[in-house]
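Structure record follows, encoded as structure tokens.
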Amino acid sequence: MNKKLWAHDFKAIPFLLPFFVAYVIFTILPIFKGLEMSLYDWTLVRKLDFVGLANYKEMFIDPHFWRTLWNTTLFVILTTPTMVLLALGLALLANMNTKLQTFFRGSFFLPSILSVAVISFLAIFMLQPYSGLINTVLHTIGIEAEPFWMADKTLAWVSIVVVTLWWTVGFNMVLFLAGLQDIPESLYEASEIDGATRWKQFRHITLPQLMPIGRVVLLLQILGSYKVFAQILLITGGGPGGATRPLIQYIYEVGFTQNNLGYAATMSYALFFILLILSIIQLRNQRMGES
Amino acid sequence: MSDSNLQGADVLKEVSSQKRKSKLLERNRDPWRRVKVSIGVIVAILFIFPIIWMLFVSIKPNGFSTTNPIEWFTPPFTLANYIDIFMNSLILRWLFNSLIVALITTVLTLIITSLAAFAISQMKFRYKNFIFVFFLLGLMIPGEATIIPLYEIVKSFNMIDSYAGLILPMIASPLGVIILKSFFDGVPKEVIESAIMDGCSYFKLFYKIVLPLAKPAMAAIAIFTFIGSWNNFLWPYLSILSENLYTLPVGLPVFNSTYSQAYVQPMTANAIASIPVIIAFFMFEKQIVKGISFTGIKG
């Protein structure tokens, strides 16, 4: 019996090994390596002194850490509800039975497949003062003010949020679209015979039936928004005056500009735990949705 | 007599029910429909307008910059910018890098995830459940938060600033294993059993029978891995130092800032980076949309 099992193990090894090795080295090992790094002074060149929990202490009193963590959280707060509502709205439009259906779906989704470098660049050029598209349009319709989109704290946030919505809403829309298509037609037919209005149908059939997928979209969005980095780096560079700088950018700067990988790894742990908790909630939620 | 009466009544019933149906359809015709379609059209145009604008500006003559939007869409047009950029920048090199990295990442991901998924789905071995749960854990580990130690690990293999460093850390996708495992689980037991009875080896079973049946799942994973790799920013931004090895997302911002005074050249560079994905999008739109609902929900 034992021999037979050994034979089975032996046969399974070549199938499992390539994935197992890559997974352990590049996914699991970094967690432990990060723990080690966070306990040392560690530069880009080499490991220096063991400092115990000093990096963690530093993190708790570092105003930049708290500021950038708050900025990231603010981004989550600003994008999540708008993203879910916009995605739902677009899905309802894209689900209409019209000849334009393909056009709608394609247009709403197309920006999502473009590189972050491209969408950020388009945003910068649309938002430029004096020559940008947005300000030109504003002037044409009689608004004389010259908004400096990247120089004002509030406007910079508005710009980043709008660009992010434009860039990523298509993905969420598709999830809602799949949810809409899963609603049995018979529910609508039955309610029609009972004389329900469109609005009542929406409130009492469409919305409740979309709840499970809505929860998935919501959690995926929170999770995704906490990882924000590239579009902010490329559009505002974290400015004006650090007002939009997210945590990942600060981690990057500490590690690679200030040459302090140990402290960067420590702050990564803070992000790690936030994301881990959100992932666990997300996975539980999904399993609930499936059963 | 009574029979025909009954028939008549049936016919009447039929007619009236049809009338009722068409009445229902009538009411079903949403009075707001036109408004909704119009909103849809406006929003759709807003969504693609910047992309179309980019494509038009990229074919404007060199040095073109005007505040009048109408001029962006009217002649003169030229392809000179494209030639200029292909000749005088590294963009072809970056395109090649992005393509090579995305292709190899996709192929390796497909190979290793499908092999592992096959073993977990169809083979017997010790600690199988433990190993599967161990792989599942990967879903909860956010790559963004472990990127600093990942940098150290890749550095210790001397793979910073190399294709290997760009590709290898990205290929072990737990989501891929989970999707493929559930797909392989659906292969009919009789097919597998009869193949084993015929003395088919596991590898042959995998390669000749299970894999061909899993084409839709493989295609979805392939498309998403490819797009993910093509657009990946953070890791290439950290791990690549020499301009020769930049991928497009890392190279373009450099390009954009060196030309910051002009409109047209960076716009052309961005168009060059986007046109391949836009074409791919129109070719694979259905699979992409299906793939999202497939991988997004079941993930």
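As given, the protein sequences belong to chains A and B, one line each in that order. In terms of our numbering, the first sequence has 108 at position 108, counting the first letter as 1, and numbering is strictly consecutive. In terms of our numbering, the second sequence has 440 at position 149, counting the first letter as 1, and numbering is strictly consecutive. From the three backbone atoms N, C-alpha and C, an ideal C-beta is built for every residue, glycine too.
Check	Outcome
May I ask you to report which of helix, strand or coil DSSP gives A/L276?	helix
What residue from A/T154, A/Y263, A/I113 and A/A190 has the CA that sits closest to A/T299's CA?	Outside the displayed range of chain A (1 to 291) lies residue 299 of chain A, so it cannot be described from this structure.
Check the Cβ-Cβ distances between A/K153 and every residue of chain B, and say whether any is below 8 angstroms.	no
Counting only beta-carbon atoms, is A/T72 nearer than 8 angstroms to chain B?	no
Mind listing the chain A neighbours of B/S565? Cutoff is C-beta to C-beta under 7 angstroms, in chain order.	L114 and V118
Can you give me the C-alpha to C-alpha distance between B/I458 and B/V392, rounded to a whole angstrom?	6 angstroms
I need the boundaries of the alpha helix (DSSP H) containing A/D49, first residue and last residue.	Taken as a continuous stretch (DSSP letters only), A/D49 belongs to no alpha helix (DSSP H), being part of the beta strand (DSSP E) at K47 to F50.
With distances taken between CB atoms, is the gap from B/E435 to B/L525 smaller than 8 angstroms?	yes
Could you work out which residue in B/G519, B/I343, B/D476 and B/F515 is closest to B/L502 when comparing CA atoms only?	B/D476
For the alpha helix (DSSP H) that contains B/Y442, what are its first and last residues?	I438 to S447
Compare the beta carbon distance of A/L187 and A/T80 with 8 angstroms and say whether it is the shorter of the two.	no
Look up B/Y554 in the DSSP assignment and say whether it is helix, strand or coil.	coil
Is B/A553 close to chain A, meaning its C-beta is less than 8 angstroms from at least one C-beta of that chain?	no
Which residues does DSSP pair with A/Y40 in a beta bridge?	A/F50
Which residues in the same chain have their Cβ closer than 6 angstroms to the Cβ of B/E317, if we skip the five residues on either side of it in sequence?	Low confidence applies here, because B/E317 scores a pLDDT of 46, under 50, leaving its location unreliable; read the following figure in that light. Nothing listed; no residue qualifies.
Quick one: is A/Y130 buried, meaning 16 or more other Cβ sit within 10 Å of its Cβ, or exposed?	exposed
Extract the residue ranges of the alpha helix (DSSP H) inside the segment 85-139 of chain A, only unbroken runs of 4 or more that lie entirely within it.	101-109 and 116-127
Looking at chain A, is there any beta carbon in it that lies within less than 8 angstroms of the beta carbon of B/E317?	Here B/E317 scores only 46 on pLDDT, less than 50, and its place in the model should not be relied on; the value that follows carries that caveat. No, B/E317 does not count as interfacial toward chain A.
Given a cut-off of 8 angstroms on the beta-carbon distance, is the pair B/I350 and B/F368 in contact?	yes
With respect to the alpha helix (DSSP H) encompassing B/A511, which residues constitute its N-terminal and C-terminal limits?	K506 to N522
Could you spell out the range, first to last residue, of the alpha helix (DSSP H) harbouring A/I248?	L247 to Y252
If A/S112 and A/G170 are in contact, beta carbons under 8 angstroms, what's the gap, nearest whole angstrom?	4 angstroms
From what residue to what residue does the alpha helix (DSSP H) around B/M345 run?	R324 to V348
Using beta carbons (cut-off 8 angstroms, strictly below), is B/R325 in contact with chain A?	no
Along chain A, which residues have their Cβ under 8 angstroms away from the Cβ of B/A510?	Result: empty, since nearest Cβ-Cβ is about 16 angstroms, beyond 8 angstroms.
Please check if any C-beta of chain B sits within less than 8 angstroms of the C-beta of A/T27.	yes
Out of A/F104, A/L283, A/W66 and A/L78, point me to the one whose CA is closest to A/G242's CA.	A/W66
Look up B/P527 in the DSSP assignment and say whether it is helix, strand or coil.	helix
For A/F176, which residues of its own chain have a beta-carbon under 6 angstroms away from its beta-carbon, when the five flanking residues on both sides are left out?	A87, L88 and A91
Find the nearest neighbour of B/I469 within the set B/Q578, B/L430 and B/T559, judged by alpha-carbon distance.	B/L430
With B/D375 as the anchor, note down where its alpha helix (DSSP H) starts and where it stops.	A371 to N379
Confirm, please, whether the CB-CB distance from A/T164 to A/Q221 is below 8 angstroms.	no
Suppose the cutoff is 8 angstroms on Cβ atoms and the five residues either side in sequence are ignored; what does the same chain contact list for A/G52 look like?	L39
Cα separation between B/I566 and A/D9?	48 angstroms
Taking only beta-carbon atoms, is A/W167 less than 8 angstroms away from chain B?	no
Which value, in whole angstroms, describes the spacing of the CA atoms of B/A463 and A/I277?	22 angstroms
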